[in-house]
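Colleague: Quick note: the sequence shown uses the numbering used here, first residue 85, plus one each step.
Have a look at this one.
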Amino acid sequence: MQRDEYYVVTKLASGDHGYDKALKAIEEQVKKLGLAYVDLYIIHSPKGKKILETWDALIEAKKRGLAKSIGVSNFGVDQLKGIKASGKEMPEVNQIELHVWNHQKETMEYCESENIVVMGYCPLARVKKFGTTVVNKIAEELKVSEAQLCIRWGLQYGIVTIPKSTNEKRIIENADVFSWNIPSHLMKELEKADEGFQASNSVNSMKTPWSEVQ
Numbered sequence: 085m086q087r088d089e090y091y092v093v094t095k096l097a098s099g100d101h102g103y104d105k106a107l108k109a110i111e112e113q114v115k116k117l118g119l120a121y122v123d124l125y126i127i128h129s130p131k132g133k134k135i136l137e138t139w140d141a142l143i144e145a146k147k148r149g150l151a152k153s154i155g156v157s158n159f160g161v162d163q164l165k166g167i168k169a170s171g172k173e174m175p176e177v178n179q180i181e182l183h184v185w186n187h188q189k190e191t192m193e194y195c196e197s198e199n200i201v202v203m204g205y206c207p208l209a210r211v212k213k214f215g216t217t218v219v220n221k222i223a224e225e226l227k228v229s230e231a232q233l234c235i236r237w238g239l240q241y242g243i244v245t246i247p248k249s250t251n252e253k254r255i256i257e258n259a260d261v262f263s264w265n266i267p268s269h270l271m272k273e274l275e276k277a278d279e280g281f282q283a284s285n286s287v288n289s290m291k292t293p294w295s296e297v298q
């Protein structure tokens with residue numbers, strides 16, 4: 085497999101924040117992966133603080149060719165606005181928990197306005213809501229699995245969605261979402277599923293005031 089045939093994303097741990105520590109961690113991670121560069125490098129969470137100097141380290145890593153693109157994860161609007169106010173380069177990606185039960189509308193709208201790609205983790209909400217909501221009913225109507233509906237919904241909502249599985253059968257099933265669409269009236273119906281449900285505690289970091297993490 086050629087290097088341009090796969091996409092590598094990795095993250096900076098909260099304990100590695102700060103310019104020097106972050107740059108060292110990035111260099112070590114890329115080396116450990118046996119690669120010349122990663123395609124996307126992101127700050128895992130704002131809770132590690134020292135965001136501006138840590139972000140400077142990611143910008144430097146990109147300049148050195150260690151990362152093709154750089155971004156953040158679990159950042160809310162206030163934190164993204166903090167980076168913008170600093171005059172620094174904006175993140176290219178914001179990876180957040182986003183699924184049919186949590187549309188993250190405020191963050192989604194802000195990212196769209198700043199041309200930040202939204203990458204949604206936990207697209208299946210760790211299956212905690214399966215079989216209990218309108219999502220299950222619509223999946224049955226379309227004759228697809230609830231997982232497939234969730235993934236397809238994310239694509240039509242306008243995000244990069246990253247389902248996780250180690251089961252070959254499920255991986256193949258999860259990838260079978262490009263030959264069909266959710267009709268517009270059912271996308272409208274799925275708006276009712278949005279209840280702000282959180283499958284991961286990591287999303288709480290999005291609410292931390294910028295003054296506490298900058």
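In this text, a Cβ means the ideal position worked out from N, Cα and C, and glycines have one as well.
In this text the structure is predicted, and so the values were computed from the model without any measurement.
Expressed to the nearest angstrom, what Euclidean distance is found between the alpha-carbon atoms of I255 and S249?
Modeller: Looking up residue 255 in the sequence shown gives position 171. Looking up residue 249 in the sequence shown gives position 165. Between I255 and S249, the C-alpha separation is close to 6 Å.
Colleague: Along the chain, where does the alpha helix (DSSP H) containing D162 start, and where does it finish?
Modeller: For the purposes of this step, residue 162 is taken as the residue at position 78 of the sequence shown. It spans V161 to A169 - the alpha helix (DSSP H) in which D162 sits, taken as one unbroken run.
Colleague: Count the other CB atoms within 10 Å of the CB of K272; is the residue buried (16 or more) or exposed (fewer)?
Modeller: If you number the sequence shown from 1, residue 272 lands on position 188. Exposed is the call here.
Colleague: For the putative contact between K152 and L124, defined by C-beta atoms under 8 Å, what is the C-beta separation to the nearest angstrom?
Modeller: Position 68 of the sequence shown holds residue 152. Position 40 of the sequence shown holds residue 124. Right, their Cβ atoms sit about 7 Å apart.
Colleague: Three-state secondary structure (DSSP) at H187?
Modeller: On the sequence shown, residue 187 is found 103 positions in, with the first residue counted as 1. Correct three-state label for H187: coil.
Colleague: Below 8 Å on the Cβ atoms is my guess for S157 versus I180; work out the distance and round it to an integer in Å.
Modeller: Your numbering for residue 157 matches position 73 in the sequence shown. Your numbering for residue 180 matches position 96 in the sequence shown. So it is a contact: roughly 7 Å between Cβ atoms.
Colleague: On the DSSP bridge assignment, give the partners of I154 in chain order.
Modeller: Along the sequence shown, one-based indexing puts residue 154 at 70. Per DSSP, Y125.
Colleague: Cβ atoms of Q232 and V261: under 7 Å apart, would you say?
Modeller: Here residue 261 is taken as the residue at index 177 of the sequence shown, counted from 1. Here residue 232 is taken as the residue at index 148 of the sequence shown, counted from 1. Yes, Cβ-Cβ distance for V261 and Q232 is below 7 Å.
Colleague: What distance in whole Å lies between the Cβ atoms of D278 and H187, which are believed to be in contact at a cut-off of 8 Å?
Modeller: On the sequence shown, residue 187 is found 103 positions in, with the first residue counted as 1. On the sequence shown, residue 278 is found 194 positions in, with the first residue counted as 1. The Cβ separation is near 4 Å, so the contact holds.
Colleague: May I ask which residues mark the beginning and end of the alpha helix (DSSP H) holding Y91?
Modeller: On the sequence shown, position 7 is the one that residue 91 refers to. No alpha helix (DSSP H) contains Y91, which DSSP labels as neither H nor E.
Colleague: Might you give, ordered along the chain, the residues of its own chain that have their beta carbon closer than 8 Å to the beta carbon of P293, omitting 5 neighbours on each side?
Modeller: As a working mapping, residue 293 is identified with position 209 in the sequence shown. Within the same chain, P293 has close Cβ partners D162.
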